[in-house]
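Trainee:
There are 2 protein chains.
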Amino acid sequence: MERVIDVRNGRNLTMLTDFYELTMGNGYMKEGVSDTIAYFDMFFRRVPDGGGYCIMAGVDQLMEYLENLTFSKEDIEYLRGKGIFSEEFLSYLENFKFECDVWAVPEGTPVFPNEPLVIVRGPIIQAQFVETMILLTINHQTLIATKANRIVRAAKGRPVLEFGSRRAQGYDGAIYGSRAAIVGGCSSSSNTLAEIMFNVPSSGTMAHSWVQLFDTELEAFRKWANAYPSNCSLLIDTYNVLKSGVPNAITVFDEIVVPSGFRPKSVRIDSGDITYLTKETRRMLDEAGYSDVKIIVSNSLDEHIIRDVLNQGAEIDIFGVGERLITAKSEPVFGGVYKLVAVEKDGRVIPRIKISENQEKITNPHFKKVYRIFTKKNDKAIADVICEHDEVIDENEPLTIFDPVYTWKQKVVTSFYARPLHVQLFSQGKPVYDSPTVLEIRDYSAKETDKLWAEVLRFENPHNYYVDLSQKLWDTRQDLLISHSREYI
Amino acid sequence: MERVIDVRNGRNLTMLTDFYELTMGNGYMKEGVSDTIAYFDMFFRRVPDGGGYCIMAGVDQLMEYLENLTFSKEDIEYLRGKGIFSEEFLSYLENFKFECDVWAVPEGTPVFPNEPLVIVRGPIIQAQFVETMILLTINHQTLIATKANRIVRAAKGRPVLEFGSRRAQGYDGAIYGSRAAIVGGCSSSSNTLAEIMFNVPSSGTMAHSWVQLFDTELEAFRKWANAYPSNCSLLIDTYNVLKSGVPNAITVFDEIVVPSGFRPKSVRIDSGDITYLTKETRRMLDEAGYSDVKIIVSNSLDEHIIRDVLNQGAEIDIFGVGERLITAKSEPVFGGVYKLVAVEKDGRVIPRIKISENQEKITNPHFKKVYRIFTKKNDKAIADVICEHDEVIDENEPLTIFDPVYTWKQKVVTSFYARPLHVQLFSQGKPVYDSPTVLEIRDYSAKETDKLWAEVLRFENPHNYYVDLSQKLWDTRQDLLISHSREYI
Numbered sequence: 073m074e075r076v077i078d079v080r081n082g083r084n085l086t087m088l089t090d091f092y093e094l095t096m097g098n099g100y101m102k103e104g105v106s107d108t109i110a111y112f113d114m115f116f117r118r119v120p121d122g123g124g125y126c127i128m129a130g131v132d133q134l135m136e137y138l139e140n141l142t143f144s145k146e147d148i149e150y151l152r153g154k155g156i157f158s159e160e161f162l163s164y165l166e167n168f169k170f171e172c173d174v175w176a177v178p179e180g181t182p183v184f185p186n187e188p189l190v191i192v193r194g195p196i197i198q199a200q201f202v203e204t205m206i207l208l209t210i211n212h213q214t215l216i217a218t219k220a221n222r223i224v225r226a227a228k229g230r231p232v233l234e235f236g237s238r239r240a241q242g243y244d245g246a247i248y249g250s251r252a253a254i255v256g257g258c259s260s261s262s263n264t265l266a267e268i269m270f271n272v273p274s275s276g277t278m279a280h281s282w283v284q285l286f287d288t289e290l291e292a293f294r295k296w297a298n299a300y301p302s303n304c305s306l307l308i309d310t311y312n313v314l315k316s317g318v319p320n321a322i323t324v325f326d327e328i329v330v331p332s333g334f335r336p337k338s339v340r341i342d343s344g345d346i347t348y349l350t351k352e353t354r355r356m357l358d359e360a361g362y363s364d365v366k367i368i369v370s371n372s373l374d375e376h377i378i379r380d381v382l383n384q385g386a387e388i389d390i391f392g393v394g395e396r397l398i399t400a401k402s403e404p405v406f407g408g409v410y411k412l413v414a415v416e417k418d419g420r421v422i423p424r425i426k427i428s429e430n431q432e433k434i435t436n437p438h439f440k441k442v443y444r445i446f447t448k449k450n451d452k453a454i455a456d457v458i459c460e461h462d463e464v465i466d467e468n469e470p471l472t473i474f475d476p477v478y479t480w481k482q483k484v485v486t487s488f489y490a491r492p493l494h495v496q497l498f499s500q501g502k503p504v505y506d507s508p509t510v511l512e513i514r515d516y517s518a519k520e521t522d523k524l525w526a527e528v529l530r531f532e533n534p535h536n537y538y539v540d541l542s543q544k545l546w547d548t549r550q551d552l553l554i555s556h557s558r559e560y561i
Numbered sequence: 073m074e075r076v077i078d079v080r081n082g083r084n085l086t087m088l089t090d091f092y093e094l095t096m097g098n099g100y101m102k103e104g105v106s107d108t109i110a111y112f113d114m115f116f117r118r119v120p121d122g123g124g125y126c127i128m129a130g131v132d133q134l135m136e137y138l139e140n141l142t143f144s145k146e147d148i149e150y151l152r153g154k155g156i157f158s159e160e161f162l163s164y165l166e167n168f169k170f171e172c173d174v175w176a177v178p179e180g181t182p183v184f185p186n187e188p189l190v191i192v193r194g195p196i197i198q199a200q201f202v203e204t205m206i207l208l209t210i211n212h213q214t215l216i217a218t219k220a221n222r223i224v225r226a227a228k229g230r231p232v233l234e235f236g237s238r239r240a241q242g243y244d245g246a247i248y249g250s251r252a253a254i255v256g257g258c259s260s261s262s263n264t265l266a267e268i269m270f271n272v273p274s275s276g277t278m279a280h281s282w283v284q285l286f287d288t289e290l291e292a293f294r295k296w297a298n299a300y301p302s303n304c305s306l307l308i309d310t311y312n313v314l315k316s317g318v319p320n321a322i323t324v325f326d327e328i329v330v331p332s333g334f335r336p337k338s339v340r341i342d343s344g345d346i347t348y349l350t351k352e353t354r355r356m357l358d359e360a361g362y363s364d365v366k367i368i369v370s371n372s373l374d375e376h377i378i379r380d381v382l383n384q385g386a387e388i389d390i391f392g393v394g395e396r397l398i399t400a401k402s403e404p405v406f407g408g409v410y411k412l413v414a415v416e417k418d419g420r421v422i423p424r425i426k427i428s429e430n431q432e433k434i435t436n437p438h439f440k441k442v443y444r445i446f447t448k449k450n451d452k453a454i455a456d457v458i459c460e461h462d463e464v465i466d467e468n469e470p471l472t473i474f475d476p477v478y479t480w481k482q483k484v485v486t487s488f489y490a491r492p493l494h495v496q497l498f499s500q501g502k503p504v505y506d507s508p509t510v511l512e513i514r515d516y517s518a519k520e521t522d523k524l525w526a527e528v529l530r531f532e533n534p535h536n537y538y539v540d541l542s543q544k545l546w547d548t549r550q551d552l553l554i555s556h557s558r559e560y561i
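So the sequences go chain by chain: A and B. Residue 73 is where the first sequence starts when you use our numbering, and the numbers rise one by one after that. Residue 73 is where the second sequence starts when you use our numbering, and the numbers rise one by one after that.
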């Protein structure tokens, strides 16, 4: 067992970085450009699962990371041992003090392709270094919050419980995955640590092993009802739901729970034909006088299966969703990228672009500001407009927005208000933003999602929400494209 | 910001558990059965991606977790606040001492569906509690090691570098994902922390941002060669690989690297038509006298794309593989489960079974021992035989193995040796196993994979490796099935 760091007792994530961030840092310093002020955008190009939007998440953890950036003596020793880093660079790291400005879209906000979710401005040696962790943090939580938002919408108001810890991709996949699932709208998580860390309710009752431990299912149910008469929830599919699980549950409700002065809470079904079994279970419970007992279902669910079983008339009150949520199984990668968009020279901001043979991979240059445009009529969001950093949208003038590729697709907007999309997280390295609680973020997210048109909310083939460039930024981009094209193509 | 625990300074994962492990624990105690000795198997039912086998991983982290199981005062306070746990249970947790026996298949071993990867024997209150973390740990690392093994095989001896940290599902997804990728055969990881924690080489050079920072690509390459003349690797696709990247690289090799007395190392291509670009790049480098300069490729690769581009004659020396490896994108869930298989009564081991309408979900009961059978002729693995715990396979007698479903499919094996598959990790709560290093595990894994027949190694439609039951265990299972079937169906 060779580990140097015990992750449970003093974990330092500063070195969770792609090694090239360090070779570049050392290179910037060697070439005398490490203090050049650079601007980076973190953004994504495509919504997973063909959806219409994503839900921003992970800002609180990003701040935690940036606030705690420190290289330990051991880190420095390790780097020295690689034999490629200058002493000047190592001593810079040893005395590292974060100095960047950082802006981000608040957690829970619906976000769209090609707009910056995080903007970093600072000495390139620093703004570069934080790339890996910005991407890792935002990519992961935004992926899961987005998936949770879809699943919760499919459940049409029924609570969705996050059950996936055992199938998560690593411990933090479970921990921050639970957090992101709540941001996306889940009611609670089975993960106990998530309650301790994020003050989000955790819950759970019994597994099949409880039932198997005893000689019969009936005995197992009796024991459980004895232990938890006031909060009796039974897992009824260990042997046979309708022939054994439901009748035994009713027996125990009659025999123990009701005589103790309580109402039983729920039954859970974790396998089999959900639609058929829940309809029959509902009928049997109702006939026995237990129409108030909830039916919980939890078997490889996602937004599509939930929609289907509800369409089929399944009688479900609560969904438990596991592996397909906690790993975003249908599309488990959130492809956020972090690109240099400008540098400062003599106090002026010079935009930079990354060309590609792939049209979609060409970046939007420059230090930006994004406005979300809402119509005053019903507060629905109409479009996001990406501007240069010093542009102001005048709400009293008609606003012309246009597609950045098919520029003849234009629209003049009146009677609107424009809300800047970003908040500032750090000012010259100092934190200046106080994260809301996870439950506050969940409420905010639900409200902001409601401001999207129904056409954008569709699971399949949603309307493409407009993310446009201001005329000024469009001109800047066009100029850069033309000059690079003349040079290289 | 509401967190109680700072994950970077004193992380305790004991509470990373599904809440129901705690409600069951409390229930076992209330009902006086918490000391009942129970046996649990952790196993999986299906190989991801339609492959022929998985690569076991995560044992070292599982041991670390089990060795450090402790409930802090804050954990106990939190649980007390839930108002459903008895003081007897809380005081048990406060004085928790792990007492179980644990066996596992060593990391790096090829493993197959339905055989136990981990076996736990102990008081049910403990053997139950560790479920979530056993599954989380083994599911995650086995998933990634298995995917890495596929990708590395596709590369046919060329080094595969793990590049995926930024797209991992959470910090541990990156950290332990890197580790598992090395177990599965990757040469190194871009994740610096992985080198520090697991003593596995990390590496990396430059990003597009380095190139963009300077006014021209040529200037950027010159600066890099000045900073790293002895180890010069250039990213050549920021603007145009063939018109700009390769010519500029050659200029800088000629101008700076060679005159400094070094040979340039490599060029990297991260976008575009890999086959065409690498062939042309190879030709241009060769013509300029740089046939020793390696070509690294890294753009959304997986085993299928690697196989395809190599078949097309792409000139690639090294692969960098990111998101599709670190998230096992094509199938991001490893469906390991943890099932009660036996209990002790009056010192006798009583097998237990979980029935399901789904044939594949019916469990194999009993406390088990697994033998891997190798033919003496060429040391290839023929079958795994799952036995009851006290069975011994006599290598001097012919061994009849048979399919557990189609029992007429039989085979008599002679001239074989039988190797027990498990090692013991804990004896009555004490660790008794010393994990090899990650690099040792990688070597062992490569050797064990070589002992599988080529038909089992295929990416698609591999031969089903035999995982059979001993006659004794088969009889036990059949008896339990018949008795449950009479009772419930």
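Just so you know, even glycine gets a beta-carbon here, dropped at the ideal spot from N, CA and C.
Closest to Ile-465/A by C-alpha separation, out of Leu-529/A, Val-442/A, Pro-476/A and Phe-474/A, would be which residue?
Mentor: The residue with the shortest Cα to Cα distance from Ile-465/A is Val-442/A.
Trainee: Please say whether Ile-206/A and Leu-134/A have beta carbons closer to each other than 8 angstroms?
Mentor: In this structure, Ile-206/A lies closer than 8 angstroms to Leu-134/A by Cβ.
Trainee: Which of helix, strand or coil does DSSP assign to Met-114/A?
Mentor: Looking at Met-114/A - three-state DSSP - the assignment turns out to be strand.
Trainee: Residues of chain B with a CB under 9 angstroms from the CB of Ser-343/A: which are they?
Mentor: Those within 9 angstroms of Ser-343/A in chain B are Ser-428, Glu-429, Asn-430 and Lys-433.
Trainee: Answer yes or no: does any C-beta atom of chain B fall closer than 8 angstroms to that of Asp-244/A?
Mentor: Cβ-Cβ to chain B under 8 angstroms: yes for Asp-244/A.
Trainee: Counting only the same chain and skipping the five closest in sequence on each side, list residues whose C-beta sits under 6 angstroms from that of Arg-225/B.
Mentor: Same-chain partners within the cutoff: there are none.
Trainee: With a threshold of 8 angstroms between beta carbons, is Gln-543/B in contact with chain E?
Mentor: Protein chains in the displayed structure are A and B, and chain E is not among them.
Trainee: Shorter than 8 angstroms from the beta carbon of Gln-550/B to some beta carbon of chain A?
Mentor: So no, Gln-550/B is outside the interface.
Trainee: By the three-class DSSP mapping on this structure, what secondary structure does Trp-525/A have?
Mentor: Reduced to three states, the DSSP call for Trp-525/A is coil.
Trainee: Where does Val-381/B sit, in a helix, a strand or coil, going by DSSP?
Mentor: Helix, per DSSP.
Trainee: Whose C-beta lies closer than 7 angstroms to the C-beta of Phe-293/B among residues of the same chain, with five residues either side of it excluded?
Mentor: For Phe-293/B, where only same-chain residues beyond five positions count, the Cβ hits under 7 angstroms are Leu-306, Asn-320, Ala-321 and Val-324.
Trainee: Going along chain A, which residues have a C-beta under 8 angstroms from Leu-138/B?
Mentor: In chain order: nothing, as chain A lies at least about 12 angstroms away.
Trainee: Rounding to the nearest angstrom, what Cα-Cα distance links Asn-81/A and Trp-175/B in this structure?
Mentor: Residue placement at Asn-81/A is poorly supported in this model, since its pLDDT is 40, which falls under 50; the coordinates are not used for a value here.
Trainee: Thr-108/A touches chain B at which residues, Cβ-Cβ below 8 angstroms?
Mentor: What Thr-108/A touches in chain B: Leu-285.
Trainee: Step through the CB atoms of chain A and report whether any lies within less than 8 angstroms of the CB of Ser-163/B.
Mentor: So, not an interface residue.
Trainee: Return yes when the Cβ of Ile-254/A is within less than 8 angstroms of the Cβ of Arg-514/A, no when it is not.
Mentor: Contact: yes.
Trainee: Straight-line CA distance for Met-73/B to Phe-168/B?
Mentor: A caution first: Met-73/B carries a pLDDT of 32, below 50, which makes its placement in the model too unreliable to give a value.
Trainee: Applying the 10 Å Cβ sphere with the 16-neighbour rule, what's the burial state of Val-484/A?
Mentor: Label assigned to Val-484/A: exposed.
Trainee: From which residue to which residue does the beta strand (DSSP E) around Arg-491/A run?
Mentor: Counting along the chain, the beta strand (DSSP E) containing Arg-491/A begins and ends at 488-492.
Trainee: Have a look at Asp-78/B and Leu-524/B and give me their C-alpha separation to the nearest angstrom.
Mentor: Confidence at Asp-78/B is low in this model, with a pLDDT of 36, below 50, so its placement is unreliable and no value can be given for it.
Trainee: Which of the three DSSP states is assigned to Ile-77/B in this structure?
Mentor: Low confidence applies to Ile-77/B: its pLDDT is 36, below 50, so where it sits in the model is not reliable enough to give any reading.
Trainee: By the three-class DSSP mapping on this structure, what secondary structure does Asn-263/A have?
Mentor: Three-state DSSP puts Asn-263/A in a strand.
Trainee: So for Asp-506/B, helix, strand or coil by DSSP?
Mentor: Coil at Asp-506/B, not helix or strand.
Trainee: For the pair the stretch 377-395 of chain A and the stretch 228-239 of chain A, tell me if three or more CB-CB distances fall below 8 angstroms.
Mentor: Yes, the stretch 377-395 of chain A touches the stretch 228-239 of chain A.
Trainee: In the DSSP assignment, find the beta strand (DSSP E) that holds Asp-358/B and state where it starts and stops.
Mentor: It is not in any beta strand (DSSP E) - Asp-358/B instead sits in the alpha helix (DSSP H) that spans 346-359.
Trainee: Alpha carbon to alpha carbon, what distance is there between Gly-276/B and Phe-91/A?
Mentor: C-alpha separation (whole angstroms): 5 angstroms.
Trainee: Select from the stretch 266-291 of chain A all residues with a C-beta closer than 7 angstroms to any C-beta belonging to chain B, and list them in chain order.
Mentor: Answer set for the stretch 266-291 of chain A: Ile-268, Met-269, Phe-270, Asn-271, Ser-274, Ser-275, Gly-276, Thr-277, Met-278, Ala-279, His-280, Ser-281, Trp-282, Gln-284 and Leu-285.
Trainee: I'd like to know if Ser-370/A contacts chain B, where contact means its C-beta is closer than 8 angstroms to some C-beta of that chain.
Mentor: Closer than 8 angstroms: no.
Trainee: Here's the rule: buried if 16 or more other CB atoms are within 10 angstroms of the residue's CB, otherwise exposed. What is Pro-178/A?
Mentor: By the 10 Å Cβ count, Pro-178/A comes out buried.
Trainee: What is the rounded straight-line gap between the Cα of Asn-371/B and the Cα of Asp-456/B?
Mentor: If I take the Cα positions, the gap works out to 38 angstroms.
Trainee: Could you give the first and the last residue of the continuous alpha helix (DSSP H) run that contains Glu-289/B?
Mentor: Residues 289-299.
Trainee: Could you tell me whether the Cβ atoms of Ala-220/A and Ala-252/A are closer together than 8 angstroms?
Mentor: Yes, Cβ-Cβ distance for Ala-220/A and Ala-252/A is below 8 angstroms.
Trainee: How should Asp-244/A be labelled, buried or exposed, when 16 other C-beta atoms within 10 angstroms of its C-beta is the threshold for buried?
Mentor: The residue in question, Asp-244/A, is buried, as its Cβ has 16 or more Cβ neighbours within 10 Å.
Trainee: Using a beta-carbon distance cut-off of less than 7 angstroms, what residues from the stretch 195-224 of chain A approach chain B?
Mentor: Within the stretch 195-224 of chain A, the qualifying residues are Ile-196, Gln-200, Thr-204, Leu-207, Leu-208, Asn-211 and His-212.
Trainee: For Leu-552/B versus Ala-110/B, is the C-beta spacing smaller than 8 angstroms?
Mentor: Against a cut-off of 8 angstroms, the Cβ pair of Ala-110/B and Leu-552/B comes out as no contact.
Trainee: Using DSSP's beta-bridge definition, name the partner residues of Asp-456/A.
Mentor: Looking at the DSSP assignment, Asp-456/A forms a beta bridge with Arg-444/A and Val-539/A.
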